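Mind the numbering: the sequence shown is residues 409 to 556 in this note's numbering, read in order. No residue lacks a Cβ here, since even glycine has one placed at the ideal position from N, Cα and C. Quick caveat, the model's predicted, so the values are computed rather than measured.
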Amino acid sequence: MKYLVTRNNHPVNVLRGFDSIFDSFWNDGWGSDVLSASLPAVDIAEKDDAYVLEAELPGMDEKNISVNVENHVLRISSHVVEGKADEQKEENKYLIRERQERFFDRSFTLPENVDEENISAQFRKGILVLTIPKSEVAKPRKIDVKIA
409 MKYLVTRNNH PVNVLRGFDS IFDSFWNDGW GSDVLSASLP AVDIAEKDDA
459 YVLEAELPGM DEKNISVNVE NHVLRISSHV VEGKADEQKE ENKYLIRERQ
509 ERFFDRSFTL PENVDEENIS AQFRKGILVL TIPKSEVAKP RKIDVKIA
């Protein structure tokens, strides 16, 4: 993962300390599902000809997922409003209302050796797979050494 770097969306570094305090609070068991719902788990692998990024997006629909690349930054985001259609019905009296608006935004700095124009995406069974091909110049090639 030395090539793809997670971008810090906080404009001020002081917020990192606050994040670590709240992260430890949420990860103690209480409310850990709330935190994981807002940030998808991501795996990044390097192959000879491409990088492969896999993101877990359970319960998401491909129409709610946005993938953009700008200035060597890959951004994955989503915004889902659950249960809004039912709110218009007056006969619904909710006793518990836990389904609500969900969103996330993750950014990754891409290395210089990628072909941004040919990034492909597949979404199946809650897993987003992005294949980020390496540019032709970056691919390793073998040079034959001739003895003179």
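Between the CA atoms of residue j and residue i - distance to the nearest angstrom
i: V489; j: K471; result: 13 angstroms
i: F512; j: I555; result: 58 angstroms
i: H480; j: V553; result: 36 angstroms
i: K455; j: L461; result: 11 angstroms
i: R507; j: V450; result: 24 angstroms
i: S486; j: V475; result: 9 angstroms
i: E520; j: R505; result: 46 angstroms
Test item: CB-CB of residue i and residue j under 8 angstroms
i: I527; j: I540; result: yes
i: L536; j: I473; result: yes
i: R514; j: L465; result: no
i: V522; j: K542; result: yes
i: E524; j: V477; result: yes
i: L518; j: A529; result: no
i: L482; j: F531; result: no
Reference residue i, options the options, closest by Cα
i: M468; options: L538, Y502, G534, R514; result: G534
i: E544; options: V450, A458, E454; result: A458
Bridge partner(s) assigned by DSSP for residue i
i: S528; result: T539
i: A453; result: V460
i: H480; result: Answer is none; H480 lacks a bridge partner.
i: D513; result: S485
i: I473; result: S486
i: V545; result: BP columns for V545 are empty, so no partner.
i: V553; result: Its beta-bridge partners do not exist; DSSP assigns none.
Burial state of residue i, where buried means 16 or more other Cβ atoms lie within 10 Å
i: A463; result: buried
i: P548; result: exposed
i: I484; result: buried
i: L503; result: exposed
i: D441; result: Confidence in D441 is poor, its pLDDT being 43 and thus under 50, which makes the residue's placement unreliable; the coordinate value appears in the next sentence. D441 should be labelled exposed.
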